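Each remark here refers to the structure printed beneath this line.
Residue numbers (full-length UniProt numbering): 1 to 118.
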């Protein structure tokens, strides 16, 4: 994945996250995960699989990978220059989910801050 800013949406076209410099932010500006280039996936700061960027701008999770631990001891990076939390107000057209994928539960973006429930 190229560096830059990516606005990511769920299957209904709702903006669920923004990715900058390999760091994933919730719509309220909370850091919730990181992109692991070696695996091509996004993980929470607890190292658990969170999801993947599919169809260029969709953030989905593979249903068979939920809860998988891919990395340990991820450190939060400094907030990218120019990032203003809570400024995500974009929408996109709805798209059907690809087979084997689901939308990421909304609570991962609102309240867990990248830490998945046990």
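Backbone N, C-alpha and C fix where the C-beta goes; we use that ideal spot for every residue, glycine too.
Only a predicted model underlies this, so the values are computations on that prediction, with no experimental measurement involved.
Can the beta-carbon of residue 198 be found closer than 7 Å to that of residue 51? This structure cannot speak to residue 198, because the chain is shown only from 1 to 118.
Roughly how many angstroms separate the alpha carbons of residue 60 and residue 24, rounded to a whole number? What you label residue 60 is simply residue 60 of the chain shown in a count that begins at 1. What you label residue 24 is simply residue 24 of the chain shown in a count that begins at 1. Those two C-alpha atoms are separated by around 13 Å.
Taking 8 Å as the limit between beta carbons, can you name the residues of its chain near residue 13, skipping five residues before and five after? Here residue 13 refers to the residue found at position 13 when the chain shown is read from its first residue. Answer for residue 13: 91, 92, 93, 94 and 95, listed in chain order.
By DSSP, does residue 70 sit in helix, in strand, or in coil? Locating residue 70 in the chain shown gives position 70, counting from the first residue. Here residue 70 sits in coil by DSSP.
Would you tell me roughly how many angstroms separate the C-alpha atoms of residue 67 and residue 57, rounded to the nearest one? One-based indexing of the chain shown puts residue 67 at position 67. One-based indexing of the chain shown puts residue 57 at position 57. Spanning the two alpha carbons is a distance of roughly 22 Å.
Cβ-based neighbour list, residue 72, same chain, cut-off 8 Å, excluding 5 preceding and 5 following: As a first step, residue 72 must be located in the chain shown, where it is residue number 72. Closer than 8 Å at Cβ, skipping near neighbours: 47.
Can you tell me the Cβ-Cβ gap for residue 22 and residue 8, rounded? I've got them flagged as a contact below 8 Å. As a working mapping, residue 22 is identified with position 22 in the chain shown. As a working mapping, residue 8 is identified with position 8 in the chain shown. About 13 Å separates the two Cβ atoms, so there is no contact after all.
Kindly give me the distance between the Cβ atoms of residue 39 and residue 70, rounded to whole angstroms, as I take these residues to be in contact under 8 Å. As a position in the chain shown, residue 39 is number 39, starting the count at 1. As a position in the chain shown, residue 70 is number 70, starting the count at 1. Yes, residue 39 and residue 70 are in contact; Cβ-Cβ is about 6 Å, under 8 Å.
For residue 10, the three-state DSSP class (helix, strand or coil): Here residue 10 refers to the residue found at position 10 of the chain shown. Three-state result, residue 10: coil.
For residue 99, is the classification buried or exposed, using 16 other Cβ atoms within 10 angstroms of its Cβ as the cut-off for buried? For the purposes of this step, residue 99 is taken as residue 99 along the chain shown, with counting starting at 1. Residue 99 is exposed by the Cβ-count criterion.
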